[in-house]
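In what follows, a structure is listed as C-alpha cells, so that the remarks can point back to it.
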Amino acid sequence: MLNRTLKTVSISAAFLLKALLFFQSTLAYGEYKQLPSELLHGQVMAVAYSGFREGQHPDRGDGAVNPSDDQILEDLNILVDHHFNLIRLYDSGENSAATLRLIQQHKLPIKVLLGIWLEAEVSNHEGCPWLDEPIPASELADNILTNTAEINRAVKLARQYSDIVVAVNVGNEALVEWNDHMVTLPSIINYVRQVKEKIKQPVTVADNYLWWIRDGAPLAAEVDFIGVHTYALWENKTIDEALPYTIKNVEDVAKALPGKPIVVLEGGWATTASEFRERANEANQARYYREVKKWATEKNITFMFFEAFDEPWKGNPDDPEGAEKHWGLFKVDRTPKMVVREIK
C-alpha cells in the first residue's frame, strides 16, 4: 500500500525508473495499470462521507447544525454493513473529529482519508459563476488564519488517530479555475510541505483531472499520490460514455504526470437532477458503480465514490431536485438506492 518510506535508489534502479516513466507516458488507452501496492490502504472502492441530514448543514455564516454522535455512528455502521472500509472526510472540524473518535471507540473496521478544508485566499469572482462580487480583502486575510488553524487540527487528528487516518488531503478543488474558495498554487505547496513535515501518512491534494493535466506538474512533485476528481455526468456524458470518459480522464493524468500513483478522490452519478433529468437515475448510478468497480479492480486504482448519503443542504435551496443534493448511494433518510441493494 502507499507509504512514505524513503529508499536508496541505485544508478541502475534510477535507469529502470526512467524507463518505466517513459513506458507509462506512451501507453495506449486502456493499458494503464497500477501496482496493487499503489492502492490506498489496499482498498478499491471507497466512499466520500458527510453526515448532514435533513435540516442539518455546515456553518454558512449563522452557525452549523451538526449530526449527533448517534447519527454518525448509525451512518458508519451502515457503511460497514455494505463493505465500505475506507471513507473520505472533507475537513478536520468537529464532525470529522467525532467520526474518528467513534470509529476508535467502537472498534469499527474503517480507515479514513482525512481532509483539510481550505477557505479562499484569493477572490475568484471573475472565474466563479456564482461569486457576484469580490471577496473583501479583510475576509481573505482572516481565511489565511482559518486555514492555518484547520491545518493544525488535521495534524493533531492524524497523529492522535494514526491507526485510522491512512492519508491526509490538503484542499478540495481549491485550484480549479471555477471554484469559490481559490488558493494559490504556491500556498497549496507550502501547506503540503507543512503537513508532510509533521505526519507520517501520505499527503495529497484533490482537484479536477483537467487542472492536474494542465497545471499539476509542480504539485505532483510534492504530493505522495495524485488525487483526481472526474464527473462524466457533469460533462454531459451519457451512461454509455461514462466509463470510457472516466478512464480517459485518469489515463490522461497518468500520461501528463507519470511516476505518481493516482487515486480517484471523487467520481459518481446523481440519481435526480433538474440539470440533466433524463440521465440522472438509480439505474444509471448502479451501472456506473458496477463498471467503475470492475475497471478499478483490474487496474489497482482506489476509487472514492461520491457520495455515501444524499445531502439536501447543498446547491440551490429553491431547487429540491438539483443534482448537488442527490449523489448519495443512500437517500437522506438512509434508505438504500438500487446500487446499494446490489452491493448488499
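Numbered per our numbering, the sequence shown spans residues 763 to 1106. We treat Cβ as the ideally placed atom computed from N, Cα and C, and that holds for glycine. Since this is a predicted model, take the numbers as computed values, not measurements.
In terms of residues, what are the limits of the alpha helix (DSSP H) holding residue i?
i	result
T1008	I1001 to A1018
I906	A899 to Q922
M1139	Here the chain covers residues 763 to 1106 and nothing more, so residue 1139 does not appear.
L835	D831 to D843
Hey, how far is the Cα of residue i from the Cα of residue j?
i	j	result
I865	G989	24 Å
T908	E881	7 Å
G1029	F1065	7 Å
T757	L875	In this structure the chain extends from 763 to 1106, so residue 757 is not present and cannot be described.
F1038	L995	8 Å
L779	L797	Legend: pLDDT at L779 = 46, less than 50; position of this residue unreliable, value from coordinates given subsequently. Going by the C-alpha atoms only, they are around 14 Å apart.
E1003	D1095	31 Å
A776	V985	Low confidence applies to A776: its pLDDT is 43, below 50, so where it sits in the model is not reliable, and the reading given next is rough at best. Going by the C-alpha atoms only, they are around 20 Å apart.
E939	Y971	12 Å
R955	P1020	21 Å
W892	D1080	15 Å
G1084	V930	30 Å
L1091	P1098	7 Å
V1012	E836	34 Å
E793	P980	26 Å
D1014	D832	43 Å
Going by other Cβ atoms of all chains shown within 10 Å of its Cβ, with 16 needed for buried, is residue i buried or exposed?
i	result
E959	exposed
P948	exposed
K1061	buried
K795	exposed
Q867	exposed
V771	Caution is warranted here: a pLDDT of 37 is assigned to V771, below 50, making its placement in the model unreliable, and no coordinate value can be reported.
H845	exposed
Y923	buried
S799	exposed
K873	buried
E935	buried
R921	exposed
Y791	exposed
S830	exposed
E997	exposed
E903	The residue asked about is misnamed: residue 903 is Ala in this sequence, not Glu. With fewer than 16 other Cβ atoms within 10 Å, it is exposed.
R850	buried
Which residues mark the beginning and the end of the beta strand (DSSP E) in which residue i is found?
i	result
L875	K873 to I878
V1026	I1024 to G1029
R976	That residue, R976, is in no beta strand (DSSP E); its alpha helix (DSSP H) goes Y971 to D977.
A808	M807 to A810
A929	V927 to N934
V990	I988 to H991
Relative to the C-alpha of residue i, which residue among the options is closest?
i	options	result
A1048	S924, A936 and L1005	L1005
M807	D824, N952 and L1027	L1027
A1035	V1054, I906, Y1007 and D1072	D1072
S900	V884, T910 and D894	V884
I878	L870, T910 and P1023	T910
T1008	K1055, L870 and P964	K1055
K1087	G792, E793, T966 and E816	E816
I1001	V965, W973 and Y1051	Y1051
V827	A983, T1033, R863 and P1074	P1074
P1082	T1033, M1100, E856 and E1053	T1033
Contact check, residue i vs residue j under 8 Å by CB: the rounded distance?
i	j	result
F1067	V842	Not a contact, Cβ separation roughly 16 Å.
I950	G933	6 Å
L802	L838	Not a contact, Cβ separation roughly 19 Å.
W1089	E1069	5 Å
D969	H991	6 Å
A859	L919	6 Å
Against chain D, does residue i count as a neighbour if the rule is that its beta carbon must be under 7 Å from one of theirs?
i	result
K1076	Structure shown: chain D not included; a single protein chain is present.
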